[in-house]
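Peer 1:
2 protein chains.
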Amino acid sequence: MIDVRCLCLGVLSLGEATGYEIRKRLKAYFGPYQGVSYGALYPALAKLLASGEVVSSEAAAASTLEKRSYKITEKGRESLHSSLDTARGQEQVRSEFMAAMFFADQLKKDTLDRLIDERLAELRGDMAQFQGFRGSPGTEGQRFVSRYGQVLCRAAIDFLQGEGRAIASAIERDRQG
Amino acid sequence: MIDVRCLCLGVLSLGEATGYEIRKRLKAYFGPYQGVSYGALYPALAKLLASGEVVSSEAAAASTLEKRSYKITEKGRESLHSSLDTARGQEQVRSEFMAAMFFADQLKKDTLDRLIDERLAELRGDMAQFQGFRGSPGTEGQRFVSRYGQVLCRAAIDFLQGEGRAIASAIERDRQG
DNA sequence: GTGAACATGTAAATTGTTACATGATTAC
DNA sequence: GTAATCATGTAACAATTTACATGTTCAC
């Protein structure tokens, strides 16, 4: 299973980073496909530290609010690989967009248009993000995710601009006719 | 915001149903894009009943374990429409697949192949589900979701079968070379 | 000097899943 | 009669988000 701890280990396997940087990198790597809030991130890092899967620059003492850089340990690397090996090819989607569009016939025209515009705006943003780290050297795995993300965004954008918009128009016509 | 309560109201806006049926219909309509467990569903229905947004066949008394059919009220319909009007064009994805593939270079060959196979199997299942209710009469909104789902599945399947598989092979070659 | 971005962390509240407990109905 | 599917619900548990509290560093 890939959980927050595993994601942290994954990011750290590519180089040391602070908690703040881990979050930023996750965003850059996965765009909308994996997000963590600080409320999930820091407790996860604390556990990893306690179990010896990572070490921190300001290890002992040096209480709170001190910038601390985390580094993965050999134990952490083993733990990461064992998590990765048990990972499943799953994807959980919770689409507010789809849920709302399903009831498109009960939607106001403004809302219908706004929903499609919002989705398109987000998709274009995601697209840019995935293209962004395509250039950097990176691993084949990174390239895979970047391309996969772009392909999915592209498909969604094309659909919404073409057929999707047409269906929205059809609903309009039905309502008036 | 589209939450469990709103989804229930949405399903009930198309006809009355039991809790069990609501869950099944959500699955049929949205495939993997919206799921609810009974532990979330029944408490939500209880709240809707208490607030008068739905009524149940065995309204009063008739304690537990009695089959009860839920029907949306006028108040429920208003509530649904106001929820739909404030819906955002968002999509939250939590992709274990992408997270694992990102670290593909650190993956065993078996795992890499398995991940892609699993993802393909799921996508084909989703595809079949979306195609399934395409035939039924349904609303334009239903048609939209069905088509959108199919387009996204198709894009993902094509990518994984072609370029995706190729990248996986490239990783193999790199490791040996 | 001031606003933006960097940086860490906690606690309450929300939310949902999983497992459990129970029983009816239908098809073989 | 028995297995599968239909059917309702609760309670413990897990996970995460949101809001809060605090402070630093850097560019303009």
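Each protein sequence line maps, in turn, to chains A and B.
To convert, note that position 139 of the first sequence is 126 in the numbering used here; the numbers rise steadily by one, no gaps.
To convert, note that position 88 of the second sequence is 75 in the numbering used here; the numbers rise steadily by one, no gaps.
We treat Cβ as the ideally placed atom computed from N, Cα and C, and that holds for glycine.
Here the structure is a predicted model, which is why all the values come from computation and not from measurement.
Which one or two residues does DSSP pair with residue 73 of chain B in a beta bridge?
Peer 2: Answer is none; residue 73 of chain B lacks a bridge partner.
Peer 1: Kindly confirm or deny that the stretch 106 to 117 of chain B and the stretch 96 to 107 of chain A touch, where touching means at least three C-beta pairs closer than 8 Å.
Peer 2: no
Peer 1: Under 9 Å between beta-carbons, which chain B residues line up against residue 93 of chain A? List them in chain order, please.
Peer 2: -3, 0, 64, 67, 68, 71, 126, 128
Peer 1: Taking the alpha carbon of residue 183 of chain B as the point to measure from, which residue in A/-4, A/21, A/154, A/2 has its own alpha carbon closest?
Peer 2: Residue 183 of chain B lies beyond the stretch modelled for chain B, which goes from -12 to 164, so this question has no answer here.
Peer 1: Exposed or buried, which one is residue 93 of chain B when buried takes at least 16 other CB atoms within 10 Å?
Peer 2: Residue 93 of chain B comes out buried.
Peer 1: Could you pull out every unbroken beta strand (DSSP E) segment of at least 3 residues lying fully inside the stretch -9 to 24 of chain A, listed in chain order?
Peer 2: none
Peer 1: Closer than 8 Å by beta-carbon distance: list the chain A residues that pair up with residue 82 of chain B, in chain order.
Peer 2: Here the neighbours are 17, 20, 21, 77, 78, 79.
Peer 1: Does DSSP classify residue 54 of chain B as helix, strand or coil?
Peer 2: coil
Peer 1: Could you name the residues of chain A that residue 105 of chain B contacts, counting a contact when the two beta carbons are closer than 7 Å?
Peer 2: The answer, in chain order, is 75, 76.
Peer 1: Give me the chain B residues within the contact set of residue 161 of chain A, using Cβ-Cβ distance strictly less than 9 Å, ordered along the chain.
Peer 2: Among the residues of chain B, those whose CB is under 9 Å from the CB of residue 161 of chain A are 127, following chain order.
Peer 1: Which class does residue 82 of chain B belong to by DSSP, given the choice of helix, strand or coil?
Peer 2: strand
Peer 1: Assuming residue 35 of chain A and residue -8 of chain A form a contact by the criterion Cβ under 8 Å, report the distance between their Cβ atoms to the nearest whole angstrom.
Peer 2: 6 Å
Peer 1: Is residue 38 of chain A helix, strand or coil when you go by DSSP?
Peer 2: coil
Peer 1: Give me the residue from A/59, A/72, A/15, A/60 with the minimum Cα distance to residue -11 of chain A.
Peer 2: Considering only alpha carbons, the answer is A/72.
Peer 1: Between residue 26 of chain A and chain B, is any beta-carbon pair separated by less than 9 Å?
Peer 2: no
Peer 1: Please check if any C-beta of chain A sits within less than 9 Å of the C-beta of residue 119 of chain B.
Peer 2: no
Peer 1: Counting C-beta neighbours from all protein chains within 10 Å, is the total for residue 19 of chain A 16 or more, i.e. buried, or is it exposed?
Peer 2: Buried: at least 16 other Cβ atoms inside 10 Å.
Peer 1: Whose CA, out of B/-6, B/117, B/-5, lies closest to the CA of residue 137 of chain B?
Peer 2: Nearest option by C-alpha distance: B/117.
Peer 1: Between the C-alpha atoms of residue 40 of chain A and residue 61 of chain A, what's the straight-line distance to the nearest angstrom?
Peer 2: Put simply, the backbone Cα of residue 40 of chain A is about 7 Å away from that of residue 61 of chain A.
Peer 1: Does the stretch 145 to 153 of chain A come close enough to the stretch 124 to 144 of chain B to have 3 or more Cβ pairs within less than 8 Å?
Peer 2: Verdict: yes, contact present.
Peer 1: Alpha carbon to alpha carbon, what distance is there between residue 91 of chain B and residue 158 of chain B?
Peer 2: 8 Å
Peer 1: Go ahead and label residue 66 of chain A buried or exposed: buried means 16 or more other beta carbons lie within 10 angstroms of its beta carbon, across all protein chains shown.
Peer 2: buried
Peer 1: At a CB distance below 9 Å, what residues from the stretch 132 to 154 of chain B approach chain A? Give them in sequence order.
Peer 2: 132, 134, 135, 136, 138, 139, 141, 142, 143, 145, 146, 147, 150, 151, 154
Peer 1: Within 9 Å of any Cβ in chain A, is that where the Cβ of residue 88 of chain B sits?
Peer 2: yes
Peer 1: How would you label residue 16 of chain B, buried or exposed, when you count the other beta carbons within 10 angstroms and need 16 or more for buried?
Peer 2: buried
Peer 1: Might you give, ordered along the chain, the residues of its own chain that have their beta carbon closer than 8 Å to the beta carbon of residue 120 of chain A, omitting 5 neighbours on each side?
Peer 2: 15, 16, 129, 133
Peer 1: If we ignore side chains and look at the alpha-carbon of each, how far apart do residue 4 of chain B and residue 81 of chain B end up?
Peer 2: 30 Å
Peer 1: Where does residue 158 of chain A sit, in a helix, a strand or coil, going by DSSP?
Peer 2: helix
Peer 1: Using 9 Å as the limit for Cβ to Cβ distance, is residue 158 of chain A near chain B?
Peer 2: yes
Peer 1: Starting from residue 102 of chain B, find everything on chain A with Cβ-Cβ shorter than 7 Å and list it in chain order.
Peer 2: For residue 102 of chain B, the neighbours in chain A by C-beta distance under 7 Å run, in chain order, 74, 76.
Peer 1: Chain A beta carbons: is any one of them nearer than 9 Å to that of residue 175 of chain B?
Peer 2: Any question about residue 175 of chain B goes unanswered here, given that chain B covers just -12 to 164.
Peer 1: Enumerate, from N- to C-terminal direction, the unbroken alpha helix (DSSP H) stretches of 4 or more residues contained entirely within the stretch 77 to 150 of chain A.
Peer 2: 83 to 89, 96 to 119, 127 to 146
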